[in-house]
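Shown next, in structure tokens, is the structure this report addresses.
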Amino acid sequence: MTVDYAGHPCDFDALRSLTAPRGIRIVDDAAHALGAASHGRPVGCAALADVTAFSFYATKNLTTGEAAPPSPTTRHWPSASGS
Ligand SMILES: Cc1ncc(COP(=O)(O)O)c(C=O)c1O
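If you use my numbering, the sequence shown corresponds to residues 5 to 87, in order.
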């Protein structure tokens, strides 16, 4: 699990070079990074993490009071069976 701290996305290219060969999926906590991008790819897009969660808490970039939706662009939504 990764955390994009203070608006700075993680180095997903480096992380993917480690996780992809091993079949490990990346779950990204982007509570601090709504609107951020990594090399032109917006945080939440499937090229970065397999699952991305944002936060709409009152102290975050965009607030709705309370909510934390996963990214709609997630391409691999983990199932209970792990496939
Ligand atoms: C990095 C990070 N992840 C997750 C959360 C939790 O967000 P939420 O309260 O919307 O579930 C916070 C809240 O402060 C946070 O700073």
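Ideal Cβ positions, reconstructed from N, Cα and C, are used throughout, including at glycine.
At a cut-off of 6 Å, the beta-carbon of Ala37 does not count as near ligand 1: no heavy atom of the ligand is closer than that.
Cβ atoms of Leu19 and Thr6 come within 8 Å of each other, at about 7 Å.
For the pair Ala53 and Asp32, the CB atoms are nearer than the 7 Å cut-off.
In the three-state reduction of the DSSP assignment, Ser21 falls in the helix class, which pools H, G and I.
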